[in-house]
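Enquirer:
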Amino acid sequence: MSDAKRFLCEAIELARENVRKGGRPFGAVLVKEGKVIATGVNEILETGDPTTHAELQAIRVASKVLGSPRLDGCAIYASGHPCPMCLSAMHLTGIREVAFAYSNDEGERYGLSTAKIYAEMAKPLAEQSLKAAHMPVRIEGEDPYEMWQALPKG
Numbered sequence: 538m539s540d541a542k543r544f545l546c547e548a549i550e551l552a553r554e555n556v557r558k559g560g561r562p563f564g565a566v567l568v569k570e571g572k573v574i575a576t577g578v579n580e581i582l583e584t585g586d587p588t589t590h591a592e593l594q595a596i597r598v599a600s601k602v603l604g605s606p607r608l609d610g611c612a613i614y615a616s617g618h619p620c621p622m623c624l625s626a627m628h629l630t631g632i633r634e635v636a637f638a639y640s641n642d643e644g645e646r647y648g649l650s651t652a653k654i655y656a657e658m659a660k661p662l663a664e665q666s667l668k669a670a671h672m673p674v675r676i677e678g679e680d681p682y683e684m685w686q687a688l689p690k691g
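In this text, residue positions in the sequence shown follow this note's numbering: the first is 538, and each later residue adds one.
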């Protein structure tokens, strides 16, 4: 069995166990150099926090384990198609590889597809259902971006 298949099977087992505990059917395994660094399951029902998706939970743990918000060289194996939020987090952290066992098409009949969100986000911002407005407000004093840029980077 290939490593990818083994890690996907582990993600599916995490999803199964999460369902047994009353949770949603999502699990994720975060790997670096062939070794599991972190795992996560969807904890939305348990926590009431809509951001506690399996992939984000694994990213949070891996960042602590590796001591960095950057996860370059890591891969995620997920039971289901990552939603746009999770996929964005992967991009933001430097993850460059993701594999998933169940597609959005397969999840659709169970109400577990995020395809409509992907379609909505593909529209120009002004055409999306979320009202978004750039309002260039500034207050007197130090600019927070300039403050951040002036900090020593280590």
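Just so it is clear, CB atoms sit at the ideal spot from N, CA and C, and this is done for glycine as well.
Please determine if the region 547-560 and the region 598-607 are in contact, where contact requires at least 3 C-beta pairs separated by less than 8 Å.
Expert: Output reads no: the region 598-607 does not touch the region 547-560.
Enquirer: Going along the chain, which residues of its own chain have a beta-carbon closer than 8 Å to the beta-carbon of Met-658, five neighbours each way excluded?
Expert: For this step, residue 658 is matched to residue 121 along the sequence shown. Only Pro-621, Gln-665 meet the Cβ criterion.
Enquirer: Which class does Gly-644 belong to by DSSP, given the choice of helix, strand or coil?
Expert: As a working mapping, residue 644 is identified with position 107 in the sequence shown. Reduced to three states, the DSSP call for Gly-644 is helix.
Enquirer: When the Cα of Ala-669 is compared with those of Glu-677, Lys-660, Arg-675, which residue comes out closest?
Expert: Residue 669 sits at position 132 when you count from the first residue of the sequence shown. The option with the nearest alpha carbon to Ala-669 is Lys-660.
Enquirer: Met-627: buried (16+ other C-beta within 10 angstroms of its C-beta) or exposed?
Expert: In the sequence shown, counting from the first residue as 1, residue 627 sits at position 90. By the 10 Å Cβ count, Met-627 comes out buried.
Enquirer: From which residue to which residue does the alpha helix (DSSP H) around Lys-542 run?
Expert: As a position in the sequence shown, residue 542 is number 5, starting the count at 1. Counting along the chain, the alpha helix (DSSP H) containing Lys-542 begins and ends at 540-557.
Enquirer: Let me know the beta strand (DSSP E) ranges lying completely inside the region 584-656, each 3 residues or longer, listed in chain order.
Expert: The region 584-656 contains these whole beta strand (DSSP E) runs: 611-617, 634-639.
Enquirer: By the three-class DSSP mapping on this structure, what secondary structure does Thr-565 have?
Expert: The count along the sequence shown starts at 1 and reaches residue 565 at position 28. The question names Thr, but residue 565 in the sequence shown is Ala. Here Ala-565 sits in strand by DSSP.
Enquirer: For Ile-581, does the three-state DSSP call read helix, strand or coil?
Expert: Mapped onto the sequence shown, residue 581 falls at position 44. If DSSP states are grouped into helix, strand and coil, Ile-581 belongs with the helices.
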